[in-house]
Structures are given as structure tokens and as C-alpha cells.
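2 protein chains.
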Amino acid sequence: MTRMCSKQREDGLSAWRRVAVFATAVALSFVPGVSDAQAPILATSQDKAQDRAPDKAKIRGFLTGHVAAERELEQKLQRLPSSESAERTLRILTSTPHMAGTDGSRRVAEFIRDQLRSYGFEAELVRYRAWLPQPTEVKLELVQPETKALGTPEEPFESDKDTYDKRAVVGFNSYSPSGEVTAPVVYVNYGTQEDYRRLSELSVGVEGKIVLARYGRGFRGVKAKVAEENKAAGLILYSDPADDGYVAGDAYPRGPWRPMSGIQRGSIQYTFIFPGDPLTPGVAATEQAQRIDPRWAQNLPHIPTMPVSPRDALEILQHLDGPQVPREWQGGLPLTYHTGPGQAVLHLKLVMDYQQRAIYDVVGKLRGQHDDEWVVVGNHHDAWVFGAVDPSSGTTAVLEAARALGELARAGWKPRRTILIGHWDAEEYGLIGSTEWVEEHAAELQRKAVAYINLDSAVSGGNFGGSATPSLRELVREAAREVADPRTGRSVYEVWKERLEKGQGPRSPSALAPPIDAPRQNDSDPPLGMLGAGSDFTPFFHHVGIPSLDMGFGGDYGVYHALYDDFYWMKTFGDPSFVYHAAMARMVGILVLRLAESDLLPFDYDAYATEIDRYRNELEVLAKVSPEGKLDFSALRDAAAALKTSAARAQKALEAHGGVPMDATRATALNRQLVDVEQALLAPQGLTGRPWFRHTIYAPGTYTGYSAVLLPGVREALDRKDWDTARRETSSLVEALHRAAARLDEIARVASSNAKVEKPAAGR
Amino acid sequence: MTRMCSKQREDGLSAWRRVAVFATAVALSFVPGVSDAQAPILATSQDKAQDRAPDKAKIRGFLTGHVAAERELEQKLQRLPSSESAERTLRILTSTPHMAGTDGSRRVAEFIRDQLRSYGFEAELVRYRAWLPQPTEVKLELVQPETKALGTPEEPFESDKDTYDKRAVVGFNSYSPSGEVTAPVVYVNYGTQEDYRRLSELSVGVEGKIVLARYGRGFRGVKAKVAEENKAAGLILYSDPADDGYVAGDAYPRGPWRPMSGIQRGSIQYTFIFPGDPLTPGVAATEQAQRIDPRWAQNLPHIPTMPVSPRDALEILQHLDGPQVPREWQGGLPLTYHTGPGQAVLHLKLVMDYQQRAIYDVVGKLRGQHDDEWVVVGNHHDAWVFGAVDPSSGTTAVLEAARALGELARAGWKPRRTILIGHWDAEEYGLIGSTEWVEEHAAELQRKAVAYINLDSAVSGGNFGGSATPSLRELVREAAREVADPRTGRSVYEVWKERLEKGQGPRSPSALAPPIDAPRQNDSDPPLGMLGAGSDFTPFFHHVGIPSLDMGFGGDYGVYHALYDDFYWMKTFGDPSFVYHAAMARMVGILVLRLAESDLLPFDYDAYATEIDRYRNELEVLAKVSPEGKLDFSALRDAAAALKTSAARAQKALEAHGGVPMDATRATALNRQLVDVEQALLAPQGLTGRPWFRHTIYAPGTYTGYSAVLLPGVREALDRKDWDTARRETSSLVEALHRAAARLDEIARVASSNAKVEKPAAGR
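Note that the protein sequences, when read in sequence, are chains A and B. Mapping of the first sequence onto our numbering: position 721 corresponds to residue 705, and the numbering continues sequentially without gaps. Mapping of the second sequence onto our numbering: position 193 corresponds to residue 177, and the numbering continues sequentially without gaps.
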């Protein structure tokens, strides 16, 4: 899987501007020697740090006396990742197909374990048993107006021998039920709720039809759910050339975009209800775990669904009648799109082999001085086929970072905090390896984990981007200032900023699988997206409240979940000299070192509180559109304001530290409390209708799937005009904000009582 | 040919708003009983007449006592056009191909003459001899990387027997030279100056190459000239499905858009230098006329040029290398467009048979009481193949209007002014029939013609639109208020206004041949475009200064200049019941009656003067971008202001008429002067570099071809940074404005001396 941060993109300029301004404000207020009067809580535009070089004598969260050692350590680390080593690793990881539940995946897990051990990590496989389907028979044929077999396999290309590998799984959507249906076809554009509404206006019914939807504008599992809600009998998903094929740019192997025979595999599990093993909701899928009957699994879809190539879609579309589609529904295939139905009748037959199958996470550990504080890094290792970008570029970068950290340890360094590295299995099926592990270790993680750094499709080009909980956004920017962009020699941060200022995105008008967020606003600081779903940060962030971030270098990438996402693709288009893999390893290394070595965790709750108050305001504006709900937001307004006040007070108290090294016990207490603020934002009972998701500020949208919805409990109840739920969720949110405020007040108290101690500095 | 009023479209909201406001102001100030104080020269927004029903007791330019008779006449006229008759006429006109210079064209001319005679008109053929090429050999083949014959003929369709007609001319561009070239290919998008600049930035050279340009965004003759200026060896033009093919909507015969084998024929004569017979510039191509050597003909292009179908273009494009094209250059064919050059090498061979060929205009006359005042109506009759829309829908509407006028005459009516009807030949080659006739009768037309009403592709749907000299715009709107829209039964005006308010245009993002102007602004009055070139109003308006207008009902129309623009197309898509043909005949009839019968010609010079001052202001803004020219616009500013003052004064004087019938001699004098104002705007020496074009306010753009450029002498000199010419053209423009002001002053003087006479009313 990968992530689509389209929500962030839609948020537009104003969101970015505010984030940037407040992030800067906090950075400033952290700088030693700046008095309270000089460090306003809300910075003005003059305060923007955009053209200031980072102050090398300071690092956010580090005592002045510790900065030199940290810088030296970071410099050593930066010299260690190697593009040659990265290329070798990627070649090995992508040498055979390694879908979850197959031997290929187990062998990749063993390779990773062995690598981690060779770097000096403790490392073990962690085995779960998950309910995984594999396709026994996937058949699609046109039966009217002519008989024609569809669902044809992806075409091999002589220049890329891997594409001849017979072990590649056919195109299928995992968690589709088995089933057989023969029916006329209706084209439903992207298959969103809005698209079905439009069809209804055009008097085109979909009940009992096979609906043909193009990929894009949201998670495919949502398309399956919406098709089911509209009583379609089956769902065919395809990749339109307007989205990630020849309209975007040259198709593989001439260019990096999807060829006419390319198929996007992928899960349609309802991960927005809950991810992970469908039969063990909320608990780990260990050998002995109690399992529910698959009929009761709430994250399983119910209508037969399969993906096809643009070539097959063209065969279907050319036999559709009905009205011409609305202008914006016209895709890039060479014909005028009609809604259908028409002459085309499809016969779809799917036989899925559902079994309990073994999956293998790899968990490695580099033990720190405080083994009860963990910095966790992770990505998945299973791939639909070869998975060069998704996920092996991330695996490679994490392994290069681990190798570098191991080298530092070998040279005598012992991290202050323990570093955990997780390589998760079965992410593609529904974030299963990470979810089961988080579920198994939920309590321990909530006690020990200080942050989770996720990688996935970490390299498909050279354009940096990411998403993060607001408290970590400035930390990501600071790390990006430290790492050199391989192409230009300037910092990743500068290139990132300049690219966004110039509005340079991918060539495609709507590339389907940008591995990173690439908003096109113009402002001083490059923005980071919100954490939605779509990769393994989901259980860490949404289920147990660990501050999380996700990042990558993106590029023109049209072979998402296709046979062609392989070593040759990477070597030819994505990162031919593997320098961005090495740069990503440096980014991971710097972030790990700053999180593992800092005296006080470099979190920015002032920015977070301000961000939350902005969401609160947007929610109120939205609620005014439906005044019949008569919702009272005064308590929410007060709670958001209180959180801002508490965050500002905590900030001031932390700043008021001065001069002398901090008492270890108090530092530990403060760090514990800093981590706890995020967990305070979880609702113990979870969100209405999907209790696995507990974060009150963010959730993957029920009708978007990947991208985040803000203050989701209240927001989605409002969308449904369910006023009772909206009131209950508002109370739950208010409580969460008060809990978070209370923890910030405690930070202020502890920090004030320790006011003689030197305060840690900001990173600039 | 047809017209593309893209300039108007670009002008946008503000232009329309101003036109609307001032047009309304004048209408008001013409209303009897409104004192000077109540009739401000510049109306405010409260004055807008948008929701007022027309006042049936008044008609612009008619004495109150004459209104009832005019209304009765108009009602009689409106009952006469018939959709059955229109269908019969169109079927006859489109029964065989009738390209200019062929027997088909002569036979159509004879049919028209006979029809006019049968309606009671005097009618004669007028014969000229023009230098017309016909294709002897048109050959295009791919010779690298494989041999493949291109230039394939248009595919016949069983549902439309006419498409099997062997007499249809092959796809060719008239006035291409003969020639033979073998060269690699470069794709140049629309082939505009800007497109070649972009290629140069991409380091793609076109010298010695065959350039492949898509149709659209300007006249194809301009593409030929720009290709020549960039030293291309040959030019291939094609129709991209993104512009008028399957991306816009279903292709013929399923829908009205261009099929993959459809070819747009068309002239590449440099009509923006001068139109008409290339060998007799400025004089009529009579039998005995002196002719220049073709080598010296300034309106003839020099590189071999031919049009191909989208299918052939795909064959070429798929063998191009070089960079991927800029995003907005990507068309609708199923591949990623590259600039080239590449493997593709084309062999182009054209043998053109250039000869003096006879062409036949038809000129009919319904003699009025004043045979020295002519209302002229015209359209062309030659077609590339069958020409159902272009031009036969216009011919049909004009003939239906003539039949109706003839009926009125038969019933005893004699028009006040003579009505002339011209059906021009060889318009498709370069406005030849109309240009030669205007050149032959220039002096007489300048003495006698009061207005020219042009039709061409008059019906391809039901969306009304038009272009007109500013003094006639309100008249067109008033006529549209009188005629019922066949689909809705409401007035053409109301439907027109509502459509534009709703922003409804054709489905295509850039339909290539909208026969009418369809701007998408939102304001109270629907706008009319500027007169550029592209149809037979050109010689009347730009060469001899006759107030002109052009109009039609447009729709989804993708078969422009293709074999498929035939009767079956019209019967299936354009106007299946021929009711819009009849409605267009009514529009023509009403306009003719109002122009032929009015006591004072219903011209609106207040609006015109205001419009000119707006262009003057835009010009000054534009000149500020190049301050190095140091142009002094004070004289121009003064002249434009003087024109406004004189127009307002004339308006007031005309309003001051009151109560009693006007003295015939004075009315004649006033009408003469009203006509002369437009001619006063001609520069006797013409525009720099193209003296045939003499209008100082409008000309077809040298680098757009169809659409109008404003204050063209100064404007194009500015664009070239030719400051000397800009100064000289400014003087010429200043003189023209002063001449026009002087005539308006004379109108004021004559009208004031006649102030006892009843004044004519406005139409609302």
C-alpha cells in the first residue's frame, strides 16, 4: 500500500500558511536568550525563519552542552549510508515476488532479520496467523455483444527480464469475496458517493449491474463499500491513462507510467473500519487467539471485485450506451465515455482461497541506556509482486539507516533511548503485520514508545514530502535541513521548499499513487500532510496514540501495484544511482538520533494546539451549513482555547529552564508527559461505529479511506446529520482536549519546579 | 470557411459589461418622452433594461406613426418561413459536392438564381475568373521506421449514403504550393508563434523538418505562415480528438463529432494580408482584369501543406522521440506526445493544378422606393464537399428569408430601401466571390449600402450568437427579442441570455469551428463578438466600411470541412426538424425589414464611441509594458474623447426631434451621414503592410487570422516594437476618429435644424 494525502492538498494555502507561521513561532520561543517578551506565542510574518540558516550551536531538545556531541554523531552517521549498498539490498529484496503469506515473503523477512543481526541489532521474526485470501480463479469475459476473454495478464517486456517471472500473482483485489456474476455494466467514474449521486441525476441505475470504476481519488476499499451500498452486483477497477498512464507521460518501459496492460492490484479491506486480520479485531492474531467467524468480520467487503488493465477497460467501455458522461468523467482512453448500461455484458467469476496463513514481522532492537523509552522505525516488507518502490525502497532506506546506527554502536556509541525497527508483513492486505504487533504490544508501546517513524514507498524520485502529527512537523523540516539533496548538493529542505514554491508537481494531473504528499501552495515553509491511513503508521497513531511521521522522495510513478514496480524500473527511472535511497537513510538516521538522544523530546505542542483550534473553527463553520442540528460548540471552543493556553504555558515553563544540566529523574518525567499528550487525545471508547480508531483529532475518512478527516467523530456525524452522535462525539472530544491540557499543565508544573536547569534549545 | 470569434471570448466579462451598459443607455436615450435630464449619456446599472419587456409601441429608428405598419409587416413575414421548405432546400443544396471552380458549384449557383427569381427577385450570375488550385496528386507516406501510406480518404458509413460519393475532393489545403519533401517530423502543438518559442526553449529545431500541427486556436493560414517563418520544409495539419473528436463527444455517425478518419480541408491563403483572388489584389477578377504573376502574390503560402485525419496523425506521432511535450500540448490521441524529431520520416508530395477558373456569384435584388439605399444580405454557396452546415444552412436561411420577402412584395409591399442578396462563390478558397464583387462595386457600395448582414454556418444547433460592428449590436438583440426559439417557444433573446448566464457552451473544451460566438460571461445582456475575418463580411466591413453583422445558431459540430458535413448529419444532429433554419430566416427577415424600413437607420454610435475609447485605454495600458517606445497617446486620447462627445451630441440632437413627420430630404441626408460614420473610420492608405485592410478599429490579427485585433495598426506595430510605424498608425487612427466625429457633428447639425420633426423611437 502507499498513502495519498489528498486531504492536505485540498486544504490549500491557508492551512499551510498557518502551520508554517505557528511552527516558526514555537521554534523561536525555544531559542535560549530570547525573553518571554521577545518570544510571542503567535509569531508575526516578520518572525519567519525562512531565510535564516540553522544555528549550528543549537538543536531542538538538546542541552547546549550536548549539541557538539550530537553534531559529531550526526556527521559520522551521514557518512555511512551508501548508494552501492542500497542498490545491492534493493536487488536482493526485489529478486523474487514476495506477496504476504507466500514463501517469498518469509524469505525476505529472514533476509532482513539476518541483515539487522549483522548490523549489531537483536532481531527476531514475529509470526502471526492471518486470514488471507489468494486467488484460485480470476475470470472476466465479455459475453455480449461478443465473447472476449478479459483479465489478461500484464505484458512482459524484453528489456526487463523480471516481467517474465511466472510467480507473479495475477491481478486481483484481496478480500474480494468469491462469487460469480453476469450483468450489464455501468461506468461510475471514480466510484465516489458523489459519482453515484450524479448517475442518479442522469437516471442511470446501478442496482444489479457490474460497475466499472477508475482508480484514484480515494482508497479502493471505499469504492468497494460505496458500490456495495449502491447495490451493485460486482465491481471492476481499472487504471485510466488520464490518471497514471500515457496522458501523464511515457508508459513503461519507455517511461515510468503505466502501460496499457498494467494492473493495479490491491486490497479492498475496509481498513477505515479497522485494519489488520479480519478475524481478530483489536487483538493480536497469535496462534492461540480467539477468532470470529468470517461472516461477522466488519472489515470484509461483500461484492466480487477485480482490477483490470486500461486495455481491458477500453474493451468494456466501447460497448456502453446511455448518456455521454459529464465532461470531467471523460478519461484518457480513445473513445467518448458513456455511463452505460449498453450492449456490454460481463461474466465475472472469482474463486478465492481464504486460509489462515502465517505472516512474519521482523523486529530488531538496538538497546539504549533507557530501555523503557523506544524510538520506533518501521515499514512493511511484503509486496504485491517485486515491489521495488512499494515497499522495498523504504526497506532499503531503513536497512541502510540501521547499518549506519549499528556502525556507530560498534564504534562505542550507546543510544540514550532504545531504537526498535519493525519490518511488517501483509501491509498490502490491510496493514496486518503492524496492526497485530501493535495490538499485541499496545500497553507496552503506550508506556515506552516516544515516536514512530514510518517509511513505505520511500523512493520513486527526488521530491521530498511527508506527513506528521503536528508536534513533529518542525522536527522533520529540521532534519531535512541537515541532509544534502543528491542532485543539487543543497539541503533537502531547500530543494523541497523551492519545488513547492515553483508549484512543481508530477506531470500527471492526478497521479494515482504519489508516495509522498506534494501540495502546491506557496509559502515560506514547506507543509507536511495529515496522517490519514494507507500505511503502517495507522495502528501506531490512530490506535495507540504514538506521535508519528511518514516521509519519502516521490517522482513520476505509474507502476503502483503492477508487475513493473521492479528493480529495472527503479534503476531506469526512480533512482538510477540509488543516491536518494542513501539520502532517505540519512533522513531516517538524523530523525532517529534526534529522537533517541535529545534531552527533552523535541515535540511542538504549541503548534499542535493551534492546529486543533483551527480544525475546531472549520468544524463550526461547517456546522452552520446545517443549523437544524443546533449544536452547541461553546464547550469545545473553551476546551480548544484551554489547550492553547496550557500548551503556551508548558512552552514557557520549558523555556524558563536556564543554565544547568537537567536532573535526570525530572527529565524522564517531562519526557514521559510529553509523549502522553498525544495519547490523551485518544478517546478510550474509540470513534462511533469504528471503535478501533481512537484518535479524536484525525482518522482516515470513512468515504475517502486514505486521506485524513479532522475531528472525525463530530465531523462524520455532522455529514450524516446524526445530531445525537455529533453531541456525544463533541463531549468526547472536549474531554480529550481537557486531558491533553491537563498533561501540558503538569509539564508546566514539573518544568517550573526545575527552573534552575539549563533549557534545551531549538534547532535553528 | 467559418468564423472563430475567440478574441471576443478572451475579452471576458468587463468588455461585455461595458457594451451592455452603454447599449442600454442609448436605447433609453432614444425613447420619446424622456427628457435630456432623464436620459443620461452614460447609463447607470439601474438603467439596465434586462427585465423589461420590449415596448411594442416603439421600434428603434421608426417614427411612432410607422410602428404599427412595421409590426404588421413583421408579423406577416414571421409566418412565412417554413421548416419543410428549408429541409427541401438544404437537401437540394447538399445533394452533390459543390466545391468552387467545379460544375457542382455552378449548378448550385444556378439553382439559387432560379429560386430567387421564383421569389420575385431580379437575379443574375456574376462571373469572375480566379486563380484556383485543385489537387492532382496528394501523397503522404511514412518512409521511416516503416513504410506506410497515409493521407487515407475519409471512411464511408452505411447509414449515410452520401459518404460514398466518389466526387468528394480528397483532403487538401487550398493554395498550398506543389512540392515534394522527405524529412523528419516535429510536433508543434497548434503551430502558433508561442508554440515555436516553446520548442526553441526545449532546444527542438524545426528548420528543414515537416511540422505537424493540430487545428485550432487560429486560422490555418496563420499556421502556414508561422511554419514558413520558422523555416519548416512542410506542414501537416490534423484534427486532434481533444479538440473536435471523441474527447468532445461521440464521433460521427454515433454523434456529431469528428471520426478518426475525418479530415478538415481548408484554405491556407494569407487572407490576413488580403483575401480574394491572389492575382488581382484590390481589383475585381473580371475577365479582362490585369493579373500579377503568381510569384508576386502576397497572399500565397510557400511550403507544401496538407491536412490529415487523427488516425494518420497517430501513425506519425507514435514514431516521434525528443522530449515529452509540455502538459498543455498533450492531445487526446492514445499516446504520450513527444516533440520529435524521431524515427518518423515522412514523404510528402503535392501536385496542385493551378488555373484560372470561373466562379459564379449570385446577386438578387428586390428593388425599393429608394434604390440608392441598399440593405445587403449575403453568404457563400461553395462548399468543400456537401457543406450542409457550412455554408448551406446559411444559404437555406437566406433563401427562406428571400422567399418570405418576395411573398410580402407579391402582396403589394414595396420596401423603402432596396434589398440586395449575394450568394458568393469560392469563399472557402479565400472569400473570393464576395471580395471580387465588393472590389468591383466598391464606390457604389460606399454610396448606397447601409448595412451588410452575413450568414455562413448559420445552423449547427440551437445556440444563438453573433458578431457585429458596435453600432448594430443592440439591433441584433432587438431582432432576437422578436423571434421565437423553436425548442422553448420563448424568444431567441431570452434563451440566448439564459444560456450565457448559465455558462453553457459546447461540450468540447476547444471546439474548432463554433459557427457562432459563444462567450461565457455573466451579465445582463448577451454580448456580440467583434468582426474578425473568416467569412464574407470581411470585404464589406474591413475594405469598404459597411456596417456589418454575422450570426447563427451553433451546436456540437465536429465535422467542419469534412465529408461528413452533409444532409444526414444535419438531419440527425444539427437541426433534425429544420426549425432553427426557419428561425434564422425570421431573424434575417426582421433585421432586413428594420434596416430597410426604418425612418432613421437604427445605428448606435454612442455605444461605438465608448467601445473605441475602451480599446484606446487598453492600448495605452499595453504600451506601458514597453515604455521604451515612448509613445505619446495624448492626441489619441483627445480624439477618442472628442468622438464620444460628438456621438453624444448627435444622439441628443436625434432625440430632440419631436412630434411631426420628418422631411424626406433631411431624413435621407441623416441616413447618408449615419452610414458614413463607419466609412470615416477607414484609413485611406490602409494598414501598414496590408493596405487592403483599411478599418482603423478592427482587423483580423496577422497572427490569429480569424479573430479581431483592436486598433490594429497601432497594436501590431507595438507588438513588433516598431515605434515609427506605431506613431504613424496612431496619427492615422487619430485622423479617422476626427473624421468620424466631424460626421457625427454634421448629424447633430442637420438633426437640430430639423428639430420640429417627430423623432424615431427606440425598440424597447
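Here a beta-carbon is modelled for each residue, glycine too, at the ideal position from N, C-alpha and C. It should be emphasised that the depicted structure is a prediction, and the values quoted were computed from it without experimental measurement.
9 Å Cβ cut-off: residues of chain B touching residue i
i: D234 of chain A; result: Q308, L319, T320 and H322
Neighbour flag for residue i against chain D, beta carbons, 8 Å
i: P225 of chain A; result: The chain inventory of the structure shown lacks chain D, comprising the protein chains A and B.
Residue i: contacting residues in chain B (beta-carbon distance under 7 Å)
i: V231 of chain A; result: Q314
As assigned by DSSP and simplified to three states, the class of residue i
i: R2 of chain A; result: At R2 of chain A the pLDDT is 27, less than 50, meaning the model places this residue with poor confidence and gives no usable figure here.
i: P684 of chain A; result: strand
i: G390 of chain A; result: helix
i: A776 of chain A; result: One cannot answer for residue 776 of chain A here, as it falls past the ends of chain A, which runs -15 to 748.
i: R465 of chain A; result: helix
i: V335 of chain B; result: strand
i: Q115 of chain B; result: The sequence given here has Trp at residue 115 of chain B, not Gln. Reduced to three states, the DSSP call for W115 of chain B is strand.
i: P265 of chain B; result: coil
i: W358 of chain B; result: strand
i: M535 of chain A; result: strand
i: D540 of chain B; result: coil
i: L577 of chain A; result: helix
i: S184 of chain A; result: helix
i: D520 of chain A; result: coil
i: Q128 of chain A; result: strand
i: I194 of chain B; result: strand
i: P240 of chain B; result: coil
Chain-ordered neighbours of residue i on chain A, where CB pairs are closer than 9 Å
i: G239 of chain B; result: Q308 and T320
Same chain only: Cβ atoms within 7 Å of residue i, ignoring 5 sequence neighbours per side
i: L603 of chain B; result: L695, V698 and R699
i: V165 of chain A; result: I194, A217, G218, P288 and L332
i: A624 of chain B; result: I596, D597, R600 and L721
i: E271 of chain B; result: R113
Cβ distance (whole Å) where residue i is taken to contact residue j below 8 Å
i: A724 of chain B; j: V661 of chain B; result: 5 Å
i: P752 of chain A; j: D366 of chain A; result: In the structure displayed, chain A extends from -15 to 748; residue 752 of chain A sits before or after that span and is not available.
i: I757 of chain A; j: A114 of chain A; result: Given that chain A is displayed from residue -15 to residue 748, the structure contains no residue 757 of chain A and the question cannot be resolved.
i: P168 of chain A; j: P325 of chain A; result: 4 Å
i: W358 of chain B; j: A268 of chain B; result: No, W358 of chain B and A268 of chain B are not in contact; Cβ-Cβ is about 18 Å, not under 8 Å.
Cβ-based neighbour list, residue i, same chain, cut-off 8 Å, excluding 5 preceding and 5 following
i: I574 of chain B; result: E58, L61, Q62, A463, E466 and V467
Same chain, Cβ closer than 6 Å to residue i, five either side skipped, listed in chain order
i: E391 of chain A; result: L64
i: F551 of chain A; result: R75, T78 and A372
i: F448 of chain B; result: V476, W480 and F537
i: D469 of chain B; result: V476 and V479
Near the ligand SAM: residue i beta-carbon under 7 Å from a heavy atom
i: N601 of chain A; result: Summarising the ligand content, the structure contains no ligands, and the ligand SAM is consequently not present.
Problem - Continuous alpha helix (DSSP H) assignments of at least 4 residues falling wholly in the segment 598 to 657 of chain A - result: 618 to 639
Problem - Segments assigned alpha helix (DSSP H), at least 4 residues, entirely inside the segment 200 to 231 of chain B - result: 204 to 213 and 225 to 228
Practice task
Please go through the segment 282 to 316 of chain A and give each complete alpha helix (DSSP H) segment of 4 or more residues, from N-terminal end onward.
Solution key: 294 to 301
Problem - 4-residue-minimum alpha helix (DSSP H) runs that sit fully inside the segment 391 to 431 of chain B, ordered along the chain - result: 411 to 414 and 416 to 424
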